[in-house]
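One line per chain: the protein sequences are E and A, in this order.
First residue of the first sequence: 191, per the working numbering; consecutive thereafter.
First residue of the second sequence: 99, per the working numbering; consecutive thereafter.
Just so it is clear, CB atoms sit at the ideal spot from N, CA and C, and this is done for glycine as well.
Given the structure is predicted, the values throughout are model-derived calculations rather than measurements.
Notes follow the structure.
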Amino acid sequence: MGELRLMKGNEAIAEGFIRAGVDAYYGYPITPQSEVMEYLMLEQPEKKTGMVVLQAESELAAINMVYGAACTGKKAVTSSSSPGISLMQEGFSYIAGSEVPAVVLNVARGGPGLGDIQPAQSDYFQSVKGGGHGDYRQIVLAPSSVQEMYDFVSIAFDLAYKYRIMVLILSDGAIGQMMEKVVLGDQIPRMTNQEIKDKYDSWAITGRTPGREHNVITSLDLDQENLERHNHHLQAKYREIVEKEVVFEEYAIEDAEYLMIAYGTSARICHKAVQLGREKGIKVGLFRPITLWPFPDKRIKELSNQVKGILSVEMSAGQMIEDIMLAVESKIKVEHFGRYGGVVHSPEEVVIALETKIIGG
Amino acid sequence: MAELRIEDIIKPENIVFKKTKLFTDKPLSYCPGCGHGVVHRLVLEVIEEMGIEAETIGIAPVGCSVLAYEFMNIDMVQAPHGRAPALATGIKRIHTEKFVFTYQGDGDLAAIGTAETIHACNRGENIAIIFINNGIYGMTGGQMAPTTLPGMQSSTSPYGRDVETMGHPMKITELVSNLPGTRFVARHAVHTPALVRKTKKAIRKAFENQKENKGLSFVEVVSNCNSGWKMSPVESNKWLAENMLPFYELGTLKDE
């Protein structure tokens, strides 16, 4: 049993960064995630593990500092919220093209534009379809509790290094700001420079080791045939991730005639909504994608043979529903419900939506 | 008949000039007459002479020198446009024992990357910035740069730079010399042998300063762009001396 604490989601993930053996955090303040850097500055991890914490001049600079550090094989991370994440998209595309491991946290808020500072799930398209230029993907993990904010850090870095890919932890202002108990694990030591050399000398720019060719990290290839080959390589990697790394959770699914699909904060609300629905005699279950990319479309397709209709619940105007509809292939009814622009739906509203849009609709 | 070897023709004692070991064998992509090749060579000579090729990490920009990593046989990363000082910061902060440098042109460093340049300088990052100023965007075909002189023609200032509507050329080197985070700031040129030697000394200093962790070293090299300026290499060097240097004065702006 690890150490038990009461923490905000933003604090838990910051502690997660330290304990996962992260080498560097580079960030820029933005509500509702400023507690991440505030916590790190207060904790002074450079005195405990040697982890560097630096406030950058912009989100652009922060993601490029992460890019630089990641190129040397070090564990680097940044965090922001929706408008700041938009600014970072250039960096995400470069990280994808040049295949370096990195982890980014988005504590999403209402949009578009400057929007507001309340929780929202309207960054789904940007996260899973790619907000930057080019044919690329990033793994997207969606925590729905403070515990998962903490736990997903190590999972994210394991995936980032396994595939040399960027992993986005897509949270929202509710999970970032809420306080819950969280069990903290032991400190994982930071990788030594020698360990990085031993493991990643084939690509990391750590200084040209005598006897090897110079390592170069670039996303540029002016020969279009070569660039197409590189893209084929990336697509093969993405197919492998789709095959192996899908994660989801199911609740009250065995006898379900209707299904809610929701992630993050909406999944917590739907958990309650399923209970309310069952009290009214509706056989409804909850499916929670934990990886938003790769999306659990195979399992959703299977479930579409069992249930009569699916309600996609998201704090957005309806984004994830497009991936659900692709999975279901129009065999059953799929509808979206969600409050958005920073408004959070209640479990009661979700049950009414299920009754009117799916059961009675 | 015995095979004829190069060593039989050129005796070691007669060698006065040879290819720097740290150049790769890739032919340079720069236009004949351009100063980039010379500055590449100076950077590599300094790294070789200091014996630090295993401890050096370089950052290439977007611009003519985007492919610097093809020619420099050291570990390098190619940065998004203007972001090289941010990458250098990210690297140096967790590799304090390494030598880290950026190699950037004027559009990269003084237009799109102004914020990254100013803030890396202001934080006093312990890195070297090598800044090539040729007053034009060479890679994209000769557009106006932040450093294009008043009245100077380019493909996006075809009637000459009108400072009333297009803004003034930016002396970013003077600007960063006023920031407390910079330690060594100098402006040099490479169109004469004597100036090449001075430039090399400055670049050497920029690398050696990193051993002492006292702030950022910034070396501007005023260079030609004979293709972008639509001149012969000889004409462009003459034009540089007569027009660029009165505006961008050579010398050491700061040495602490």
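Query	Result
Residue-chain proximity (arginine 209(E), chain A), Cβ-Cβ < 7 Å	no
Exposed unless 16 or more other CB atoms sit within 10 angstroms - verdict on aspartate 322(A)	As written in the sequence, residue 322(A) is asparagine, which differs from the aspartate given in the question. Burial call: buried.
Interface positions of the stretch 169-181 of chain A facing chain E (Cβ-Cβ less than 9 Å), listed along the chain	Met170, Asn171, Ile172, Asp173, Met174, Val175, Gln176, Ala177, Pro178, His179, Gly180 and Arg181
CB contact below 7 Å: glutamate 262(A) versus chain E	no
Residue range of the unbroken beta strand (DSSP E) whose run includes asparagine 383(E)	First-last for asparagine 383(E): 383-390, but that is the alpha helix (DSSP H), not the beta strand (DSSP E).
The stretch 189-204 of chain A: positions lying closer than 7 Å to chain E by Cβ	Ile189, Arg191, Ile192, His193 and Lys196
Residues of the stretch 376-396 of chain E whose Cβ lies closer than 9 Å to any Cβ of chain A, in chain order	Asn383, Ala394, Ile395 and Thr396
Backbone secondary structure at aspartate 151(E) - three-state DSSP	Lying outside 191 to 551, the shown extent of chain E, residue 151(E) is not represented and no answer is given.
Bridge partner(s) assigned by DSSP for isoleucine 155(A)	Asp173(A) and Val198(A)
Partners in chain E for histidine 217(A), counting only beta-carbon separations shorter than 8 Å	Ala246, Glu247 and Ala251
Sequence-distant residues of its chain with Cβ nearer than 7 Å to arginine 489(E) (five each side left out)	Phe438
The stretch 446-459 of chain E contacting the stretch 410-421 of chain E, beta-carbon criterion three pairs below 8 Å	no
Chain A contact for asparagine 421(E) (CB, 7 Å cutoff)	no
Nearest-angstrom Cα separation, counted from leucine 360(E) out to methionine 510(E)	13 Å
Within chain A, the residues that threonine 262(E) reaches when beta carbons sit closer than 8 Å	Ile155, Ile189, Ile192 and His193
Limits of the unbroken beta strand (DSSP E) element including glutamine 245(E)	242-245
For valine 212(E) and methionine 241(E), believed in contact at Cβ under 8 Å, the rounded distance	6 Å
Same chain, Cβ closer than 8 Å to serine 506(E), neighbours up to 5 away in sequence not counted	Ala310, Gln311, Ser312, Tyr314, Gly528 and Tyr530
Identity of the residues DSSP links to valine 372(E) by a beta bridge	Arg195(E)
Cβ pair threonine 280(A), phenylalanine 316(A) closer than 7 Å	yes
Classification of arginine 259(A) by the beta-carbon crowding that lies within 10 angstroms, buried from 16 upward	buried
DSSP-derived helix/strand/coil call for leucine 410(E)	coil
C-beta neighbour in chain A for arginine 402(E), strict 7 Å	no
Under 7 Å between C-beta atoms of lysine 296(A) and histidine 286(A)	yes
Nearest candidate by alpha-carbon position, reference alanine 166(A), set Val343(E), His404(E) and Pro291(E)	His404(E)
Residues near tyrosine 284(E) in its chain [Cβ-Cβ closer than 7 Å; skip 5 each side]	Tyr257 and Ser409
Classification of phenylalanine 67(A) by the beta-carbon crowding that lies within 10 angstroms, buried from 16 upward	In the structure as shown, chain A begins at 99 and stops at 354. Residue 67(A) is therefore absent and cannot be evaluated.
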